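**Student:**
2 protein chains.
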Amino acid sequence: MLTPERHQLILQLIKEKPIVKIQELVDLTEASESTIRRDLTLLEEGKFLKRVHGGAARLRGKLQEPSMVEKSSKNLHEKRRIAQYAANLVEEGDSIYLDAGSTIQEMITFLPTKDIVVVTNGLMHLPALLERNIETYVIGGYAKPKTNAIIGRGALGSLEQYRFDKCFLGVNGIHPQSGYTTPDQEEAMIKQKAMSLAREAYVLADDTKFSEITFAKIADLHEAAIITNELEEESKGQYTSKTSIKVVTS
Amino acid sequence: MLTPERHQLILQLIKEKPIVKIQELVDLTEASESTIRRDLTLLEEGKFLKRVHGGAARLRGKLQEPSMVEKSSKNLHEKRRIAQYAANLVEEGDSIYLDAGSTIQEMITFLPTKDIVVVTNGLMHLPALLERNIETYVIGGYAKPKTNAIIGRGALGSLEQYRFDKCFLGVNGIHPQSGYTTPDQEEAMIKQKAMSLAREAYVLADDTKFSEITFAKIADLHEAAIITNELEEESKGQYTSKTSIKVVTS
DNA sequence: TCAGAAATCAATCATTTTCTTTCAAAAACA
DNA sequence: TGTTTTTGAAAGAAAATGATTGATTTCTGA
Numbered sequence: 286m287l288t289p290e291r292h293q294l295i296l297q298l299i300k301e302k303p304i305v306k307i308q309e310l311v312d313l314t315e316a317s318e319s320t321i322r323r324d325l326t327l328l329e330e331g332k333f334l335k336r337v338h339g340g341a342a343r344l345r346g347k348l349q350e351p352s353m354v355e356k357s358s359k360n361l362h363e364k365r366r367i368a369q370y371a372a373n374l375v376e377e378g379d380s381i382y383l384d385a386g387s388t389i390q391e392m393i394t395f396l397p398t399k400d401i402v403v404v405t406n407g408l409m410h411l412p413a414l415l416e417r418n419i420e421t422y423v424i425g426g427y428a429k430p431k432t433n434a435i436i437g438r439g440a441l442g443s444l445e446q447y448r449f450d451k452c453f454l455g456v457n458g459i460h461p462q463s464g465y466t467t468p469d470q471e472e473a474m475i476k477q478k479a480m481s482l483a484r485e486a487y488v489l490a491d492d493t494k495f496s497e498i499t500f501a502k503i504a505d506l507h508e509a510a511i512i513t514n515e516l517e518e519e520s521k522g523q524y525t526s527k528t529s530i531k532v533v534t535s
Numbered sequence: 286m287l288t289p290e291r292h293q294l295i296l297q298l299i300k301e302k303p304i305v306k307i308q309e310l311v312d313l314t315e316a317s318e319s320t321i322r323r324d325l326t327l328l329e330e331g332k333f334l335k336r337v338h339g340g341a342a343r344l345r346g347k348l349q350e351p352s353m354v355e356k357s358s359k360n361l362h363e364k365r366r367i368a369q370y371a372a373n374l375v376e377e378g379d380s381i382y383l384d385a386g387s388t389i390q391e392m393i394t395f396l397p398t399k400d401i402v403v404v405t406n407g408l409m410h411l412p413a414l415l416e417r418n419i420e421t422y423v424i425g426g427y428a429k430p431k432t433n434a435i436i437g438r439g440a441l442g443s444l445e446q447y448r449f450d451k452c453f454l455g456v457n458g459i460h461p462q463s464g465y466t467t468p469d470q471e472e473a474m475i476k477q478k479a480m481s482l483a484r485e486a487y488v489l490a491d492d493t494k495f496s497e498i499t500f501a502k503i504a505d506l507h508e509a510a511i512i513t514n515e516l517e518e519e520s521k522g523q524y525t526s527k528t529s530i531k532v533v534t535s
C-alpha cells in the first residue's frame, strides 16, 4: 500500500471517529506498527490530527479542511527545529515572554505545560497556548492587523507589569554592526522592553536573517543569545544544517 | 480504552449529571479506581470539573455552556437580530467597548468600519475585527481558557487607560432585584469597570436571560439599557419576536 | 458528642503498554 | 548500476495502568 493511500485512509477514519487506536490502523492497513507511527508523526506535523498515547485524535475546529497544502518546506522544518531547541530551554517554574511571529509560534507545541507562565503580545499564539492549558497573559494595546501583534504605548506600559526568566524574540535582521533589527519601529520598542525585563534573552533566527539589516534597531548582538541553525560542511561537499546555539557576548 | 476517550466519557457524563461517583466511572470505563482518580485529577487541573469526596462535580458556569457549540438556530437568529440592532447604535467617531461572549461577537459583522475605535477583552473577537480592518485595542491580563476572555487585576488596570462613548455587555442573568449577574466574579468586575468608563452602557440579552440569577452581580438594572427581543402577541394567538430596546431608568 | 467502622484518599511500586531511536533489509528511483 | 526512500524489527526509554499501603475523611450508632 502506497504512503499517500495510507494517509488518506487514516484521515478518513479519523473523520468518522474522534479517536483511532494504532492497533486498528495496523490491522486495517496491514502495515507495521513502525510505519503507522511514522505516518501519524507526519500527519501531526501537517496539523491534520493530534497524536495521543495509544493512537491519534481528531483536531478540534478543523472538521473539514479541503485544500490544505502539505507543509514540507525546508524552511519550516528548520524553523521548527530552532523553535524546539528554544522550547527545551524553558524549565518548570519559569515565566517567559513570547514575541509575536511564526518562528516563536512553533515553540508552543514543545513547551512544557506544567507550572510555567507565558506572557505574549502575539495574538496568533493564543489558540495554541490555551489549547495546551498553559497559564497565559496577554499584554494590552493596539492590535496591529498585518502581524496580529499587540503594540503601541499601552503595550509598553502593560509589559512593565511583568518580569521574565527568559524572553524569546523573533527578528528580521542580524548584523555585526547594526545588531538586531526589525521593520517596525513600534515592534522594536516592544522587543527592547521585553528584553530589558528578562534575565535571559534569546533571539530565534534561521540563517537567512544573517547579514540582513532592516529599519528599526532592537539591540546590539551581545544583548541576547542567538538560537539558529548553523550550516556545517560535511564530506563530499554536502551541507546539512544542525540546530545549535550561538552566544555572542560583549 | 485510550486516555482521551475516557476523558470525553467523563466530561459527557458530567454534563448530564451534576455529580458523578468514582465507582460509576469505574464500572462504565472498566478502568481501575487508580486510573479514574488520575483522570479526575487531570481534568480538575484543566478546569473541566471539580473533585469532591467520592467523585467529581460539575463546575459552576459550565452549566449552561456546552462549549458554545449547541445553539438552537432560533436562538442564534434572535441573537443576531439583537446584535444587529446594537451595532446600529454605533456611529462614526465612536469609541466603543465590546465585552467577550458570543452575543457581542455577532455585532462585529454589522459594525461600521470607518472611524471607530474598538476596545475589547474578547480574544475570540479579534480575527473578525482585524479582518474588517477596524481599529482595535485589546486590554491586557490573564487569558481565561474557558471563555477566551481577558480578566484579572491587570485587565482592570489596562481598562483604566480608555474611555468609551458606548459599551456593550453580555450577561447571564437579568433580575428586578438582583440586577445583572454573571457566573464569574472576575468577569463581573471587568464588566463593571467597562460600564463605569462609558457614557452609555448597553446589555445585550435574549429573553432566556430574564428572571435568571447567577453568581456575581455586575450592576443594577437602571445602570444600563437592555437590548432584547420582546415577544409580542399577534393575531390568531401566534407569537413572533421583534427586536426592540427597553430602557429601565431609576 | 464521641469512638469505631467504613469509605475514600494520596502515594508508591511493579507490571504492562506504548514510544522513540536505531539499524539493516527491501523497494523505489535515477 | 548506485542512490535514495520506505519499511520492519528490535532495544531501551517513557508513559499508563492497577494493586497495595497507610493516612484521612465521612458515616454510624450510641
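These protein sequence lines map, in sequence, to chains A and B. Our numbering puts the first residue of the first sequence at 286, with every later residue one more than the last. Our numbering puts the first residue of the second sequence at 286, with every later residue one more than the last. The beta carbon of each residue, even a glycine, is placed where N, CA and C say it ideally should be. What you are looking at is a predicted structure, and each value in this text was computed from that prediction instead of being measured.
So what's ASN360 of chain B in DSSP terms, helix, strand or just coil?
**Tutor:** Walking along the second sequence from the start, residue 360 of chain B turns up at place 75. ASN360 of chain B falls in the helix class under three-state DSSP.
**Student:** Among B:GLY339, B:HIS338 and B:ARG343, which residue has its Cα nearest to the Cα of GLY331 of chain B?
**Tutor:** Within the second sequence, the letter at position 46 stands for residue 331 of chain B. The shortest Cα separation from GLY331 of chain B among B:GLY339, B:HIS338 and B:ARG343 belongs to B:ARG343.
**Student:** Suppose you measure from the CA of GLN477 of chain B to the CA of ALA504 of chain B; what does that come to, to the nearest Å?
**Tutor:** For the purposes of this step, residue 477 of chain B is taken as the residue at position 192 of the second sequence. For the purposes of this step, residue 504 of chain B is taken as the residue at position 219 of the second sequence. So the alpha carbons of these two residues sit roughly 7 Å apart.
**Student:** Using a C-beta to C-beta distance shorter than 8 Å, which residues of chain B count as neighbours of GLN446 of chain A?
**Tutor:** Here residue 446 of chain A corresponds to residue number 161 of the first sequence, with the count starting at 1. Chain B residues near GLN446 of chain A: GLY425, GLY439 and GLY442.
**Student:** Report buried or exposed for LEU287 of chain A, applying the criterion of at least 16 other Cβ atoms within 10 angstroms of its Cβ.
**Tutor:** On the first sequence, residue 287 of chain A is found 2 positions in, with the first residue counted as 1. When all chains shown are included, LEU287 of chain A counts as exposed.
**Student:** Tell me whether SER317 of chain A is buried or exposed, calling it buried when 16 or more other Cβ atoms sit within 10 Å of its Cβ.
**Tutor:** For the purposes of this step, residue 317 of chain A is identified with residue 32 of the first sequence, where counting begins at 1. Exposed, by the Cβ-count rule.
**Student:** According to DSSP, simplified to helix, strand and coil, what is LYS300 of chain A?
**Tutor:** As a position in the first sequence, residue 300 of chain A is number 15, starting the count at 1. If DSSP states are grouped into helix, strand and coil, LYS300 of chain A belongs with the helices.
**Student:** CB GLY455 of chain B to CB THR388 of chain B, shorter than 7 Å?
**Tutor:** Position 170 of the second sequence holds residue 455 of chain B. Position 103 of the second sequence holds residue 388 of chain B. Yes.
**Student:** I'd like to know if LEU411 of chain B contacts chain A, where contact means its C-beta is closer than 7 Å to some C-beta of that chain.
**Tutor:** Taking the second sequence and counting its residues from 1, one reaches residue 411 of chain B at position 126. Taking Cβ atoms only, chain A reaches closer than 7 Å to LEU411 of chain B, which makes this a yes.
**Student:** Mind pulling the chain B residues with CB within less than 7 Å of GLU428 of chain A?
**Tutor:** For the purposes of this step, residue 428 of chain A is taken as residue 143 along the first sequence, with counting starting at 1. The question names Glu, but residue 428 of chain A is Ala in the sequence shown. The answer, in chain order, is LEU411, LEU415, THR421, TYR422 and VAL423.
**Student:** Mapping the DSSP letters down to three states, classify LYS502 of chain B as helix, strand or coil.
**Tutor:** On the second sequence, position 217 is the one that residue 502 of chain B refers to. Correct three-state label for LYS502 of chain B: strand.
**Student:** Nearest-angstrom Cα distance between PRO303 of chain A and ASP324 of chain B?
**Tutor:** Along the first sequence, read from residue 1 onward, the residue named residue 303 of chain A stands at position 18. Along the second sequence, read from residue 1 onward, the residue named residue 324 of chain B stands at position 39. Roughly 19 Å between the two C-alpha positions.
**Student:** May I ask you to report which of helix, strand or coil DSSP gives LEU429 of chain B?
**Tutor:** Here residue 429 of chain B is taken as the residue at index 144 of the second sequence, counted from 1. It should be noted that the sequence gives Lys, not Leu, for residue 429 of chain B. Correct three-state label for LYS429 of chain B: strand.
**Student:** Expressed to the nearest angstrom, what Euclidean distance is found between the alpha-carbon atoms of VAL375 of chain A and ALA486 of chain A?
**Tutor:** As a working mapping, residue 375 of chain A is identified with position 90 in the first sequence. As a working mapping, residue 486 of chain A is identified with position 201 in the first sequence. For VAL375 of chain A and ALA486 of chain A, the distance between alpha carbons rounds to 12 Å.
**Student:** Measuring CA to CA, which of B:GLU416, B:ILE459, B:LEU313 and B:LEU296 is closest to THR513 of chain B?
**Tutor:** Here the question's residue 513 of chain B lines up with position 228 in the second sequence. With distances taken between Cα atoms, THR513 of chain B lies closest to B:ILE459.
**Student:** GLY331 of chain B touches chain A at which residues, Cβ-Cβ below 9 Å?
**Tutor:** Position 46 of the second sequence, counted from the first residue, corresponds to residue 331 of chain B. Here the neighbours are ASN418.
**Student:** I want to verify the contact list: residues of chain B whose CB lies under 7 Å from the CB of ALA342 of chain A, in sequence order.
**Tutor:** Numbered from its first residue, the first sequence carries residue 342 of chain A at position 57. Going along chain B in sequence order, the residues near ALA342 of chain A (Cβ under 7 Å) are PRO289.
**Student:** If the cut-off is 7 Å on Cβ atoms, which residues from the segment 305 to 337 of chain B count as contacting chain A, listed in chain order?
**Tutor:** Flagged, chain order: GLY331.
**Student:** Strictly below 7 Å CB to CB, what residues from chain B border ILE435 of chain A?
**Tutor:** Taking the first sequence and counting its residues from 1, one reaches residue 435 of chain A at position 150. Under the 7 Å cutoff, chain B gives VAL423.
**Student:** Using a Cβ-Cβ cut-off of 7 Å, state whether LEU408 of chain B counts as contacting chain A.
**Tutor:** As a working mapping, residue 408 of chain B is identified with position 123 in the second sequence. True, the Cβ-Cβ gap to chain A drops below 7 Å.
**Student:** Taking VAL403 of chain A and GLU391 of chain A to be in contact with their CB atoms under 8 Å, please state how far apart those CB atoms are, rounded to whole angstroms.
**Tutor:** Locating residue 403 of chain A in the first sequence gives position 118, where the first residue counts as 1. Locating residue 391 of chain A in the first sequence gives position 106, where the first residue counts as 1. Going by Cβ atoms, the distance from VAL403 of chain A to GLU391 of chain A rounds to 14 Å, so no, they are not a contact pair.
**Student:** Does the Cβ of THR388 of chain A lie closer than 6 Å to at least one heavy atom of the ligand COA?
**Tutor:** As for the ligand COA, it is missing from this structure, which has no ligand bound.
**Student:** Should the segment 410 to 426 of chain B be regarded as contacting the segment 392 to 399 of chain B, the criterion being three or more beta carbon pairs within less than 8 Å?
**Tutor:** Touching, yes.
**Student:** Looking at GLU363 of chain B and ASP491 of chain B, is the spacing between their C-beta atoms short of 7 Å?
**Tutor:** Numbered from 1 along the second sequence, position 206 holds the residue referred to as residue 491 of chain B. Numbered from 1 along the second sequence, position 78 holds the residue referred to as residue 363 of chain B. Contact: yes.
**Student:** Leaving out five residues before and five after GLY437 of chain A in sequence, what residues of the same chain have Cβ atoms less than 7 Å from its Cβ?
**Tutor:** Residue mapping note: residue 437 of chain A aligns to position 152 of the first sequence, counting from 1. Here the set comprises GLY426, TYR427 and GLU471.
**Student:** Consider the Cβ of GLY339 of chain A: report whether some Cβ of chain B lies at a distance smaller than 7 Å.
**Tutor:** Here the question's residue 339 of chain A lines up with position 54 in the first sequence. Yes, contact with chain B.
**Student:** At the 7 Å Cβ level, is VAL354 of chain B part of the contact set with chain A, yes or no?
**Tutor:** As a working note, residue 354 of chain B is residue 69 in the second sequence. Below a pLDDT of 50, predicted positions are generally treated as unreliable, and VAL354 of chain B, at 42, falls in that range; the measurement from the model is reported next regardless. For VAL354 of chain B, the answer is no, since every Cβ of chain A falls outside 7 Å of its Cβ.
**Student:** In the DSSP assignment, find the unbroken alpha helix (DSSP H) run with ASP324 of chain B in it and report its ends.
**Tutor:** In the second sequence, the residue the question calls residue 324 of chain B occupies position 39. ASP324 of chain B -> alpha helix (DSSP H) spans 318 to 330.
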